[in-house]
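As given, the protein sequences belong to chains C and R, one line each in that order.
Note that the first sequence covers residues 224 to 428 in my numbering.
Note that the second sequence covers residues 224 to 428 in my numbering.
We treat Cβ as the ideally placed atom computed from N, Cα and C, and that holds for glycine.
Single-structure report; data block below.
2 protein chains.
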Amino acid sequence: MKVVIPFKAKNPKSRLSHLMNERERVEFAKCMLFDVVCSIPKSVEVLIITPERLNLSFDREVGLVVDKRSLNDAINSLIKDEIAVIMSDLPLLNENIVTKFLSQNAEIVIAPGRKGGTNMLLIKNKNFKVSYHYGSFFKHLKIAREMGLKFKIFDSFYSSIDVDEESDLLELLLHGIGKKSWEFLTSIGFEVKFEKDPILIKKSK
Amino acid sequence: MKVVIPFKAKNPKSRLSHLMNERERVEFAKCMLFDVVCSIPKSVEVLIITPERLNLSFDREVGLVVDKRSLNDAINSLIKDEIAVIMSDLPLLNENIVTKFLSQNAEIVIAPGRKGGTNMLLIKNKNFKVSYHYGSFFKHLKIAREMGLKFKIFDSFYSSIDVDEESDLLELLLHGIGKKSWEFLTSIGFEVKFEKDPILIKKSK
Chain C
224 MKVVIPFKAK NPKSRLSHLM NERERVEFAK CMLFDVVCSI PKSVEVLIIT PERLNLSFDR
284 EVGLVVDKRS LNDAINSLIK DEIAVIMSDL PLLNENIVTK FLSQNAEIVI APGRKGGTNM
344 LLIKNKNFKV SYHYGSFFKH LKIAREMGLK FKIFDSFYSS IDVDEESDLL ELLLHGIGKK
404 SWEFLTSIGF EVKFEKDPIL IKKSK
Chain R
224 MKVVIPFKAK NPKSRLSHLM NERERVEFAK CMLFDVVCSI PKSVEVLIIT PERLNLSFDR
284 EVGLVVDKRS LNDAINSLIK DEIAVIMSDL PLLNENIVTK FLSQNAEIVI APGRKGGTNM
344 LLIKNKNFKV SYHYGSFFKH LKIAREMGLK FKIFDSFYSS IDVDEESDLL ELLLHGIGKK
404 SWEFLTSIGF EVKFEKDPIL IKKSK
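Below, the structure written as structure tokens:
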């Protein structure tokens, strides 16, 4: 079993550009990647695939492959063995969730994100092909059904939070205390204000 | 075990008032309540608590209590036996999820919603008191910790979707095919447009 994490360091998280400049967004994306890597059991191989050479360091062994092809082509070329694809912007993952996910008994296991996304995908049948972007959760279900594969939906709130938008930052600040990405957001002035419903604020630093 | 569902039919879901008039919002709220009731195993007693007399019918036995007190007071007065409190705006629940939730082995089990909400709450210790509104997930965790109770977090994407805002309607339309609330939204013109990311549109009917 190998966990593949796609990662892009060039102008990442552009939907947060009204809140963070590019330098901050790159740093933030790296922090989330770090949190995701930390949530993967040490016994499992981790491979980051990225379109550009990167300087990253982790406190465990992590493979890095530069692949300039599209996300789908890059991942499909890796489906020779059992792999799991876990997105790099899921900072609320923890080792319990990932362990449970990786131990699901099905040929295809799909963890949904909001807006029809696929946040984690476990592929145990090597004829499966991924189709990310634009409602990929439903595309992956359809592919699995059409191939007659045994599939499961992995139902998790924490793995559903891919941090793309302002409202997702609030979830990270609420639930991610102690995570590297939480510490980064806090360090640049973000915090939660509990008045009525909790809201995101940014203090100048 | 009794499942308590708080429900308010007066000007419900006001954050959707730019998309639906009050009559539609009342009907929509009732449809979601119906979907929630349908997700509760037949063997479990269901009690709806509401501040006003209501005309509702279900295809199963459902108790109805009119209680004009605050939500917290009304629910706390019911914690004499083991109860579960399930919100009425969780149309993506299904019987598997509720069954799994009700069978959790802890004195307090909390299922988070976005923005720090408590979407489902299982209370097996009758000294516990609820504190809804404004980050209640964290308030309930704190109360359980301070009382030294054995608690669990119930991690579910589908139970995390409480339909309050426009973006939640999209989730219901994506994942709720066949639900009564899904049929209602569809009947008044809502649909999902898959261009890039799926977006919510409303056609005039």
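*Does R/Pro264 get closer than 7 Å to chain B when you measure Cβ to Cβ?*
No chain B appears in the structure shown, which is made up of the protein chains C and R.
*asked:* Suppose only complete runs of 4+ residues qualify. What are the alpha helix (DSSP H) ranges in the segment 304 to 365 of chain R, listed by chain order?
replied: 318 to 325
*Could you tell me whether any Cβ in chain C is nearer than 7 Å to the Cβ of R/Pro180?*
Only positions 224 to 428 of chain R appear in the structure, and residue 180 of chain R is not among them; the question remains open.
*Between C/Val285 and C/Ile271, which are expected to be in contact by the criterion C-beta below 8 Å, what is the C-beta distance as a whole number of angstroms?*
6 Å
*Spell out the partners DSSP gives R/Lys429 in its beta bridges.*
Outside the shown range of chain R (224 to 428) lies residue 429 of chain R, about which nothing can therefore be said.
*Any chain C beta carbon closer than 7 Å to R/Asp420*: yes
_Just to confirm the assignment, what range does the beta strand (DSSP E) spanning R/Leu279 have?_
Premise fails: R/Leu279 is in no beta strand (DSSP E) and is neither H nor E.
*If you drop the 5 nearest sequence neighbours on each side, which residues of the same chain put their C-beta closer than 7 Å to that of C/Arg238?*
Asp387, Glu388
*Counting Cβ pairs closer than 8 Å, one from the segment 288 to 303 of chain R and one from the segment 347 to 361 of chain R, do we hit at least three?*
yes
*Any chain R beta carbon closer than 7 Å to C/Gly412*: no
_Sequence-distant residues of its chain with Cβ nearer than 6 Å to C/Met370 (five each side left out)_ = none
*8 Å CB neighbourhood of R/Glu406 in its chain, flanking five on each side removed*: Cys254
*Pull up the distance between the alpha-carbon of R/Lys236 and that of R/Lys365, whole angstroms please.*
28 Å
*Excluding five sequence neighbours on each side, which residues of the same chain lie with their C-beta closer than 6 Å to the C-beta of C/Ser262?*
Leu316, Asn317, Glu318, Val321
*Count the other CB atoms, across all protein chains shown, that sit within 10 Å of the CB of C/Val438; report buried if there are 16 or more and exposed otherwise.*
Nothing about residue 438 of chain C can be read from this structure; chain C reaches only from 224 to 428.
_Backbone secondary structure at R/Ile298 - three-state DSSP_ = helix
*When R/Leu294, R/Leu256, R/Ser266, R/Ser293 are compared against R/Leu277, the one with the closest alpha-carbon*: Selected option, being the one with the closest Cα: R/Leu256.
*Apply the 10 Å Cβ neighbour rule to R/Asp385 and answer buried if 16 or more other Cβ atoms are within range, or exposed otherwise.*
buried
*For R/Phe407, which three-state DSSP category applies?*
helix
_Give me the residue from C/Gly399, C/Ile411, C/Thr409, C/Pro421 with the minimum Cα distance to C/Leu313._
C/Gly399
*Would a check of beta-carbon distances place R/Pro235 closer than 7 Å to chain C?*
no
*asked:* Quick check: is the beta carbon of C/Phe380 nearer than 7 Å to any beta carbon in chain R?
replied: yes
*In chain C, which residues lie less than 9 Å from R/Pro274 when you measure between Cβ atoms?*
Simply none; closest approach about 20 Å.
*Kindly list, in the order they appear in chain R, the residues whose Cβ is closer than 9 Å to that of C/Leu393.*
Arg337, Lys338, Gly339
_With H, G and I counted as helix, E and B as strand and the rest as coil, what does DSSP make of C/Glu284?_
coil
*Applying the criterion that 16 or more other CB atoms from any shown protein chain within 10 Å of the CB defines a buried residue, is R/Ile424 buried or exposed?*
It is exposed - the Cβ of R/Ile424 has fewer than 16 other Cβ atoms within 10 Å.
*Would you say C/Lys375 and C/Val332 are within 7 Å of each other, going by their C-beta atoms?*
yes
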